[in-house]
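Going by this note's numbering, the residue at position 358 of the sequence shown is 360; the numbering climbs one at a time, nothing skipped.
We put the beta carbon where it would ideally sit given N, CA and C, even for glycine.
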Amino acid sequence: MRYTPTLKLSTRLVAFVTVIVTSAMFILFLGGTLSFQKLGQEYLNHYLRGIVDVVDKELQEPNAMDSMQAWMPKMLQASNIVEMQLSSEAGIVYRFNDSSSKIATERLYQADFVLAHHQGYRIHFKAVPPYLSYDYSMSAMGAISLAVALIVFCLVQGIKWLKEQLLGSELLEERGRMILAGRVEQYAKGDLREWPYTASEAIDRLIEELQDARQERSRFDSFIRSQTFLDQLTGAANRVLFDSKLESGLLESGAYGGVIMIRIDELDAAREEVGPRVVDDLVVEVGECITNIIARYPDVILSRYYESVFAIFMPHQGSKEVVYVASQCLKFIERIIPPFPIDRNNWVHIGVSMYREGERRGRIIDETETALRSAQMQGGNAWSRFKKAIKADDERGSVRWRTLFDQLLLPEKISLFQQACYLITPANKLAIVHHELFARINDPDKGLLKASRFISAIETVGYEVAFDRAVLARVFALIRDERQSDHYSINLQVVPFANKFYWRWFRNELMQLPIALRTRLSFEFAEGRLAQHLDYMRPVMKMISGLGCKLVVGQAGRTIVATHYI
Numbered sequence: 003m004r005y006t007p008t009l010k011l012s013t014r015l016v017a018f019v020t021v022i023v024t025s026a027m028f029i030l031f032l033g034g035t036l037s038f039q040k041l042g043q044e045y046l047n048h049y050l051r052g053i054v055d056v057v058d059k060e061l062q063e064p065n066a067m068d069s070m071q072a073w074m075p076k077m078l079q080a081s082n083i084v085e086m087q088l089s090s091e092a093g094i095v096y097r098f099n100d101s102s103s104k105i106a107t108e109r110l111y112q113a114d115f116v117l118a119h120h121q122g123y124r125i126h127f128k129a130v131p132p133y134l135s136y137d138y139s140m141s142a143m144g145a146i147s148l149a150v151a152l153i154v155f156c157l158v159q160g161i162k163w164l165k166e167q168l169l170g171s172e173l174l175e176e177r178g179r180m181i182l183a184g185r186v187e188q189y190a191k192g193d194l195r196e197w198p199y200t201a202s203e204a205i206d207r208l209i210e211e212l213q214d215a216r217q218e219r220s221r222f223d224s225f226i227r228s229q230t231f232l233d234q235l236t237g238a239a240n241r242v243l244f245d246s247k248l249e250s251g252l253l254e255s256g257a258y259g260g261v262i263m264i265r266i267d268e269l270d271a272a273r274e275e276v277g278p279r280v281v282d283d284l285v286v287e288v289g290e291c292i293t294n295i296i297a298r299y300p301d302v303i304l305s306r307y308y309e310s311v312f313a314i315f316m317p318h319q320g321s322k323e324v325v326y327v328a329s330q331c332l333k334f335i336e337r338i339i340p341p342f343p344i345d346r347n348n349w350v351h352i353g354v355s356m357y358r359e360g361e362r363r364g365r366i367i368d369e370t371e372t373a374l375r376s377a378q379m380q381g382g383n384a385w386s387r388f389k390k391a392i393k394a395d396d397e398r399g400s401v402r403w404r405t406l407f408d409q410l411l412l413p414e415k416i417s418l419f420q421q422a423c424y425l426i427t428p429a430n431k432l433a434i435v436h437h438e439l440f441a442r443i444n445d446p447d448k449g450l451l452k453a454s455r456f457i458s459a460i461e462t463v464g465y466e467v468a469f470d471r472a473v474l475a476r477v478f479a480l481i482r483d484e485r486q487s488d489h490y491s492i493n494l495q496v497v498p499f500a501n502k503f504y505w506r507w508f509r510n511e512l513m514q515l516p517i518a519l520r521t522r523l524s525f526e527f528a529e530g531r532l533a534q535h536l537d538y539m540r541p542v543m544k545m546i547s548g549l550g551c552k553l554v555v556g557q558a559g560r561t562i563v564a565t566h567y568i
């Protein structure tokens, strides 16, 4: 991936211009200061050389030393010369020292000169440097101060103008960052101030075409899957999907539930008598009636198994619930008035059969059809159940489940089991991905119960929030205390996140974990429920991934959903 600079374009340009202007000002003032210093030194050297020439000529007079004693101190003091020493090879000839000077010796300017007409004579000066005693003055430095203020003002205005010109580029760059971060939908349309305009318009058009392509692909995928697995008249599952679901349900660990078949008699005769449209309306009405009855049960599948037979697959439901659904179906379907020549008192029959883990699909279908024929032999609208041994734990009702959950849905009473999940590498070796955690509760009567045995009861009585909260509290306590660095995957339900209080609690608990622990957690959601409630799950998924956790979508393909959620 290409490197993306962290500073904005305007920030970089402003910094560059500011550094260039500041450097130019610094060089200008430094050069001016050095020039002034050099000019001052040259002037002082020229002045001192003039004094040396005067002394050299004065020494040619016979009474030079006497006359120098009279006028030399006044001239030297007026010239800001602190000390002058005239010496020869024999020793010091003349010496002047201004004791009134308060300037430190190390700050004085020192120079040595040789007399041109007197060989062996030297003069050593210690003078006050030029500009040493001058202070800042508005009259003297006003022009320079005004120039500096003008430069700073122009620099500020130039930077402001530059930022305004580059605002569109910054907006376009920020939009690109957000798109790369995955927030395509929020930034599908750009700001009108974005610049260059052609690049902004091109991005808008590409995103629009991409969204159209995704929707078209999703619609096409849904169409293909619906044509393959759904009945075109009622929209329910067809026989292929029903058999597949039943087959996979029988292979689940601890699976149990029931199958219901509902047959509508004399449809062929009615089609010949009143036409196919009336018969199709009857079939659709019966399908809608059944759908309303089973709507409150999770993971229940309605299928149009044959042309005149509906089949209901009810996983993880006890015999009481299955029998109740069968009786309700018979009760509400009897209220429908069938067209002539269907006998209203003998046109709908229902067969029921229960199943458990390990049974064959063909046997369950045969048992249900046997019960259906038994109902037909009773004469009149009726339902029949295939007689087979049923364990007592299937007979637990909602009240008993609720009482049990009130006692056991506590973090300290949740038992966690882990199972390693592996990935086959290109070298055909197993690489561990994470450990999937499974929750179980300890029933005082039946011992440890797998989640598959009570998860449907959890959803029926509305205890999803309590269950997931207890499991998460147990997992968070486990990962805090554990010294190993294993990665864990936790199965969560989608419905609890519709509760804002639960969502906030979940977010706060995650934020309290160190980032090193959060990266070891993966949260798994069922594809069907995730796609169904994608509106309020979208911010939840963004929050989970933003905090460093991983997202896993499980049970892919078990329900017919569009793939646009990916």
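Under DSSP, the alpha helix (DSSP H) around residue i begins and ends at which residues?
i	result
G251	R241 to L253
State buried or exposed for residue i, treating a residue as buried only when at least 16 other CB atoms are found within 10 Å of its CB.
i	result
F155	exposed
T405	exposed
Y357	buried
L194	exposed
E323	buried
P198	exposed
I492	buried
S102	exposed
T462	buried
D395	Confidence at D395 is low in this model, with a pLDDT of 49, below 50, so its placement is unreliable and the value that follows should be read with caution. So D395 counts as exposed.
T107	exposed
S37	exposed
E196	buried
F127	buried
Q217	exposed
Q486	exposed
V158	exposed
D114	exposed
Does residue i get closer than 9 Å to chain D when you measure Cβ to Cβ?
i	result
R179	Absence of chain D from the displayed structure is noted, only one protein chain being present.
In three-state terms, what does DSSP make of residue i?
i	result
Q188	coil
A72	helix
H119	coil
G550	coil
G260	strand
V130	coil
R573	Residue 573 lies beyond the residue range present for the chain, which begins at 3 and ends at 568; the question has no answer from this structure.
D483	helix
A113	strand
I205	helix
A106	coil
E63	coil
E268	coil
L194	coil
L174	helix
N493	strand
G160	helix
L232	strand
A384	strand
R358	strand
L515	coil
G277	coil
G237	coil
Just checking my contact of residue i with residue j at CB under 8 Å: how many whole Å lie between their CB atoms?
i	j	result
L88	Y123	7 Å
L418	L439	5 Å
T236	V285	6 Å
Which stretch, first to last residue, makes up the beta strand (DSSP E) that contains residue i?
i	result
Q534	Per DSSP, Q534 belongs to no beta strand (DSSP E); it is in the alpha helix (DSSP H), E529 to Q534.
R363	Note, R363: premise wrong, no beta strand (DSSP E); alpha helix (DSSP H) at R363 to M379.
R346	Where R346 is concerned, there is no enclosing beta strand (DSSP E), given that its DSSP letter is neither H nor E.
R97	I94 to N99
Q87	I83 to S89
Under the criterion of a Cβ to heavy atom distance below 8 Å, does residue i qualify as lining the ligand ADP?
i	result
C291	The ligand ADP is absent from the structure shown, which contains no ligand whatsoever.
>> So within the stretch 386–468, which uninterrupted beta strand (DSSP E) runs reach at least 3 residues, ignoring any that extend past its ends?
In response: For the stretch 386–468, whole beta strand (DSSP E) runs of length 3 or above, ordered along the chain, are 416–426, 432–445 and 449–452.
>> Quick check on the DSSP output: what are the complete beta strand (DSSP E) runs of length 3 or more inside the stretch 283–340, in order along the chain?
In response: Within the stretch 283–340, the complete beta strand (DSSP E) runs of at least 3 residues are 303–308 and 311–317.
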